[in-house]
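A.B. asks: One structure, as structure tokens, below. Some questions next.
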Amino acid sequence: MRFSIYSGSTEVNSEELKSRTRTFAVKVVDLVERLDKSKMGDVAGYQVIRSATSVAANYRAVCRSRSKADFVNKLGIVEEEADETLFWLEMLVECKKVKLPEIKPLINEAEQLTKILAASRITAKRNSANM
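Here the numbering used here is used: the first residue of the sequence shown is 8, the next is one more, and so on.
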């Protein structure tokens, strides 16, 4: 299924977002591979990989939704995973496992993806209620 998602005044198509979420997941995996071994690094590393790859994998599931309700539900899951990824990235900084400048682009991307997905879910829910 191919569709467009509107975020503010920007339109993002489904293929663009598939690519963007996959690239985001790969960059998070690359970051975690460079972390020093420690309990916090292992725990946060596992969690941030799990949530970031879930964003990409579950967004693909959104693109295969069987109904508008399924679309809204799956989009909500992806939104939650993007926000969780943001949390773990922030934890890595706060626990001094990485420096903010090193992962600021990943934090920005997690914030943007969360906003895009939230706006899309709200719009899709509103549109399905009006039918």
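Cβ coordinates follow ideal geometry from the N, Cα and C atoms, glycine included.
Using DSSP with H/G/I as helix, E/B as strand and the rest coil, what is Asn80?
C.D. replies: Here Asn80 sits in helix by DSSP.
A.B. asks: Use the C-beta contact count for Arg128: other C-beta atoms within 10 angstroms, 16 or more gives buried, fewer gives exposed.
C.D. replies: Buried, by the Cβ-count rule.
A.B. asks: So, Arg58 versus Lys104, is the Cβ gap smaller than 9 Å?
C.D. replies: In the sequence on display, residue 58 carries Ser and not Arg. Contact flag unset, no.
A.B. asks: Secondary structure at Ser16, three-state DSSP: helix, strand or coil?
C.D. replies: The pLDDT assigned to Ser16 is 47, lower than 50, so where the model puts this residue is not dependable; a value taken from the coordinates is nonetheless given after this. If DSSP states are grouped into helix, strand and coil, Ser16 belongs with coil.
A.B. asks: How far does the alpha helix (DSSP H) with Asn65 in it reach, from first residue to last?
C.D. replies: Start and end: Lys46 to Val69.
A.B. asks: Would DSSP call Lys122 helix, strand or coil?
C.D. replies: In the structure shown, Lys122 sits in a helix (DSSP, three-state: H, G or I).
A.B. asks: Can you tell me whether Asp90 is helix, strand or coil according to DSSP?
C.D. replies: Residue state, collapsed to three classes: helix.
A.B. asks: Can you find at least 3 beta carbon pairs, one from the region 27–36 and one from the region 57–75, that sit closer than 8 Å?
C.D. replies: Counting Cβ pairs under 8 Å, three or more are found: they touch.
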